[in-house]
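When we follow our numbering, the leftmost residue of the sequence shown carries the number 142, and every step to the right adds one. A virtual CB, placed ideally from N, CA and C, is assigned to each residue, including glycine. Here's the structure we're looking at; comments come further down.
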Amino acid sequence: MTKESALERWLSVLSIRPGEGRRTLLLFLYLLMASAVFILGRTVRDTLFLSRYPISALPWMFVLYGAASAVTAIVYGRYADRVPRHVMIGASVAIGIGSYVGVWALVRLGQSWIYPVFYVWSEVAANLFIVQFWTLANDLNDPRSAKRLFGLIGSARVLGTVVIGTTTGIVVRAIGTEQLLFVLAALMAAIGALAFALRREKKVEPVRAPSRHPQRSPSVARDPYVQALAAFLLLTFTALTVGDYQFKVIARATYQEDRLAEFFSLFYAVTGIVSFLFQLFVTPRVLRRLGVAWGMGVMPGVFGLASITLPFLTTLPVASVMKFADNGFQYTIHDTTLQALYVPFPAQAKAKTRALLDAVVKPCSYGAGGLVLILLATRLDVGQLSYVTAVVVTAWLAVIPLVRRRYLAALKSTLSTYGSLESDSEFLLDAAGRQALFDVLKAGTPRQILTALEQLEADNPPELSRALSGLLAHPHPEVRKKALALACSQPDAAADVAARAIRDPEPTVRAAAARALADLRGDEVVDVLVELIDSPHTDVRVAALSGLSRRGGVDGQIAAGKRLGELLAGSATARVEAARVLAELSNDAFRPLRNLLNDEDPSVRRAALKACAGVADPRLAPDLVAQLADPACRVRAAGALVAIGSPCVDLLADTLSDSNAPRPVRLLIPRILRRIVAPECYARLRAQVDVEDSHLRLRIFAALAALREALALPPEPKDWVLGLLESEIRRGYRNLAAWESARETLSTPLLDEEMSFRHQRAIKRVLRALELRFERPALRLVRDRIGDPRRHANAVEVLDALLDPRMRPMVMPFFDDISVPERLTRAGGFAPKALSVEEFAREETEHPNPYVALVVYDSLGKHLPALAAELAQKGLSRPEPLVREGALRALAAAEPDRARVALERLLDDHDPTLRHHAQALLAELDGNSEATMHSTVEKILILKSAPVFEKVAGEDLAPLARVASEEVYADGERVFEEGEVGDSLFVIVRGRVAIVTGSEKIAELGPGEAFGEMAVLDSAPRSASAAAEGEVELLRIGSEEFYEILHEQVEIAEGVIRMLTQRLRESTAQLSQDRAAPLSVL
């Protein structure tokens, strides 16, 4: 074994990851020095003070120490965050060295007043060095590394205690107690040097919410989390102070003089050694597996049990156990846990918080303990003092859950971009608020009036009817339309209001009036409505036909039926109008609407699907499920099924469980069921959590979590959730191990991305499964932030705090931010058997996700042609066009002669894109280079080179790549002209394109850049012309295809939003420069 591998092994045992070694060593040495200053300083001060003052003076030293610490903390807190950490520590070291040398001089001069001063100052200085150390350590470690490394680093404090305790006597005999002040000065100098060495280490990047305005730093004392920690520390050290007194009294009663000194020496030596081992090997594991609550509970638990026993068995062994809980656990698991509890504080408040808690609250608690002893030590015997500590320890334990809850809340707040404030879900109106809204109705803008009407509609005050009459003549049509709708819905609504609005110049208002008039007057207004069915405006005609059919009686239905029949038999535009009428007719529309669902025109089918949501007839469910297979109809069909609700749940669930159903349909069904908030949806989804398709499982878990929240269902049983977690984590490790073994051979950009994305989905599945048992809002924060490098550690810490002890060791290693080989090594019983490259390829080419098979075939064709030719034969028989394309191209690359037979067969394939690929590949095999056609994989890579698509996953771009056509333009040829209606966007494959306005060239674009997208997004005429400069090859995406995929792929929509946002920023910046230019001249 080499020295490097042995070192790596030891670092791994100590949980030190690559890049953390230097930082951890320097922090360890720093704390060792600070601990030595703390312990040795106490030895010197106790010796100097107790040799000249009686022991009865000690309680007053506690009080003075508390007061001095408070003053120091106020001064230190004012400057701590204004000065770099290493500079502040260096200044503190300089003051400390100077003061200790001064004390030595005054001692030598026989100035007795210096002893109580030094007693207090030495404690203040030593504690300040400890506070500064942990503040710096928190700056350099995120919550996860803090929990992992602070146990190891914290062991330096125990080691310092052991070293100082075992060597002080030898040094004192050699140089005397007074000369130890120079040893302390040397230790302080070492602290300064280590602090300056640590300044080169990278600090954890703070997470800040974006703000337009500078924020004032809030008072840390008002923070509920700080208050909880303050209560925790106050109770802790008040109890420990009384316990320390009890231990010393009982020890002094048991031993005298030299035997007492020998007992103390043995006790502290054993305690130090045991504590060191505990800190090194037990503390990190307790915190990692059980969390901070257990870390906070160890010391009060042991101390409290011993304290309760002491009144009944007042012996030194019992008192020693109680004291061991203090000395043994205070500087190990208690101190390490406390430092982890400081991590959630923002960097700008951390130093002030530590100064308040460690340098004010903690010393004050010692003073409080001293006051308790002054009041009670002469009235109670030493054992009876435990009655006091028992009460304090009970309160101490009781505050731990509060600290944990607020710790978790503080961590969550670091994950939320805008903090934890939420808007009230209800708007409650008092008299003043109601009057303010009525004032808005009189003088507000149209937008303000519409908002005020929404609020008043919910409140429905009696004065609303009178206010609406004035709005019926408002200049803005939307205001008139809303006022009309509200006026006609009032209990005393008059039909003449709607009758007058029938003559409104705005068609949408007349349409609303027609519906209202039909609802209020029924068959009395048939003649009026019949006249409106010949209106030139579609909205008015639809409203009139709807009113006649619903409320017009026999005469109205006859008139409407005749016209509706004509529309159904008319043009595509007429059939779309018929669908709009049918949307308002409920179950009476079933037969004609079903016919329209199968119309040959896509626009008619889309209108019929939209109408289905209004009709919500369960008899339409089978046709709607069939429509889910059509990408152009999928979104509207899903909305209609949601509107039908519970009657279609069984059909949807049966389709979900049908492995022969199209995969896109199965993937969509959980999202439909989650919107139908019914117990049967939850039950049917729960029965299918073990489907083989991992993406489908993710959708099912997400739907279950949403339904559990919406239905207020109880948490799922722990064992059932554990089963889900174990299954998902095993599968996740198996995927990691399989790709780790195959990556060197099969790596391609898209396959690398897919396998990384697969692990991200595995993480999401674990989090979604946990949502079935734990609170969803906290896990939603974890899920949303875990991919953000700045928030990853805090997100994982929130997750750690949520889990119970049985789940934590299974789940948390899966989230560790370490290399894949190291993660697999730590997987323990979850570590899978490694697959060979061939086994991996065989599995992945049969993956239910056709995109995965496509990119694997692409990789095989490049790297393992022989295996590609073998596996391609099976891929050619799969139903998914993407898989057949991938297999076809892999076979063509590996064995062209065998591929020719398959290509000829695919010339008659039902998929037009695949037919085009087959034709192009045959032409290539025949030597026709001009007939080359880019593969879907190549098109995806081209699209990803465009900024608008660069952050979109390849799988999400695959549908867009399949519909993108290839076009070649000669030098000077126009791609489009200024003023044309835009129906396509373009991405440059090769060559350059000039963007021209009039005769001026305003931009020149190259490969990977997109253009023409703005006209597609807003349907406006082209604002400029585009011309080829030299021969240019483009990918063209039609507007209709683009919008269909945009509705399905949220990720592509996000890319478009990013592009528009960037354009807006650039325009704003240019506008600012243009405005500033004249000023610069002036």
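Cβ neighbours of residue i in the same chain (closer than 6 Å, five flanking residues each side left out)
i, result
"Asp399", "Because the pLDDT of Asp399 is 47, which lies under 50, any placement of that residue in the model is unreliable, and the number read from its coordinates should be weighed accordingly. Nothing meets the Cβ criterion."
"Ala126", "The structure shown has nothing for residue 126, since the chain only spans 142 to 1223."
"Lys503", "Leu374 and Phe378"
"Arg825", "Ala794"
Cβ neighbours of residue i in the same chain (closer than 7 Å, five flanking residues each side left out)
i, result
"Gly333", "Ile230, Gly231 and Val234"
"Val383", "Gly510, Val513, Leu514, Leu526, Val529 and Thr530"
"Arg193", "Ser253 and Tyr256"
"Ala372", "Val540"
"Thr679", "Glu718"
"Ala636", "Leu658, Leu661 and Arg662"
"Val1130", "Ile1083, Pro1148, Glu1174, Leu1175 and Leu1176"
"Pro759", "Ile785, Pro788 and Cys789"
"Arg158", "Ile959"
Where the beta strand (DSSP E) through residue i begins and ends
i, result
"Leu421", "Counting along the chain, Leu421 falls outside any beta strand (DSSP E), and DSSP gives it neither H nor E."
"Glu1021", "Neither: Glu1021 is in no beta strand (DSSP E) and is coded neither H nor E."
"Ser800", "Ser800 -> no beta strand (DSSP E), and no H or E assigned at all."
Residue i and residue j closer than 8 Å at C-beta
i, j, result
"Arg902", "Ser960", "no"
"Ala177", "Ile238", "no"
"Ala1228", "Leu769", "This structure does not reach residue 1228, given that the chain is present from 142 up to 1223, and the question cannot be answered."
"Ser156", "Val299", "no"
"Val1173", "Gly1132", "yes"
"Ser1106", "Arg1177", "yes"
"Ala1087", "Glu1150", "yes"
"Phe955", "Ile841", "no"
"Ala175", "Phe274", "yes"
"Ala639", "Ala652", "no"
"Leu908", "Arg924", "yes"
"Ala684", "Arg716", "no"
"Leu911", "Val939", "no"
"Leu189", "Tyr241", "no"
"Leu848", "Arg815", "yes"
"Ala982", "Val996", "no"
"Asp1112", "Glu1021", "no"
"Val523", "Ile391", "yes"
Residue(s) in a DSSP beta bridge with residue i
i, result
"Ala1168", "Arg1115 and Ala1135"
"Val1122", "Pro1162"
"Ile294", "Paired residues: none, contrary to the question."
"Leu1175", "Glu1108 and Ile1129"
"Phe1152", "Phe1127"
The alpha helix (DSSP H) enclosing residue i, as first and last residue numbers
i, result
"Leu1146", "Premise fails: Leu1146 lies in the beta strand (DSSP E), Glu1141 to Leu1146, not in any alpha helix (DSSP H)."
"Glu821", "Pro820 to Arg827"
"Ser1106", "Premise fails: Ser1106 lies in the beta strand (DSSP E), Ser1106 to Tyr1110, not in any alpha helix (DSSP H)."
"Cys753", "Pro743 to Val756"
"Glu725", "Looking at the DSSP string, Glu725 is not in any alpha helix (DSSP H), and its letter there is neither H nor E."
"His102", "Because the chain here runs from 142 to 1223, residue 102 falls outside it and cannot be looked at."
"Asp668", "Val667 to Leu673"
"Cys629", "Pro618 to Ser630"
"Gly688", "Thr679 to Arg692"
"Ser233", "Arg226 to Arg249"
"Gly442", "Val433 to Thr450"
Close Cβ partners of residue i (< 8 Å) along its chain, the five nearest in sequence each way excluded
i, result
"His354", "Any answer about His354 is weak, because its pLDDT of 41 lies below 50 and its placement is not dependable; what the coordinates show is given next. Nothing listed; no residue qualifies."
"Leu281", "Arg164, Leu168, Leu339, Glu342, Lys343, Lys344 and Val345"
"Gly1153", "Val1116, Phe1117, Gly1123, Ser1125, Leu1126, Phe1127, Arg1163 and Ala1167"
"Arg1041", "Leu1063 and Leu1066"
Whole-angstrom C-beta distance between residue j and residue i, which should lie under 8 Å
i, j, result
"Gly292", "Thr424", "4 Å"
"Leu428", "Thr478", "7 Å"
"Leu582", "Ala599", "Actually they are not in contact, since the Cβ atoms of Leu582 and Ala599 sit about 15 Å apart, beyond 8 Å."
"Leu1001", "Leu1029", "Actually they do not touch by this definition, with Cβ atoms about 13 Å apart."
"Leu866", "Met953", "In fact, because the Cβ distance is near 11 Å, the residues do not count as touching under 8 Å."
"Ala749", "Leu737", "4 Å"
"Ala369", "Val433", "The Cβ separation is near 12 Å, so there is no contact."
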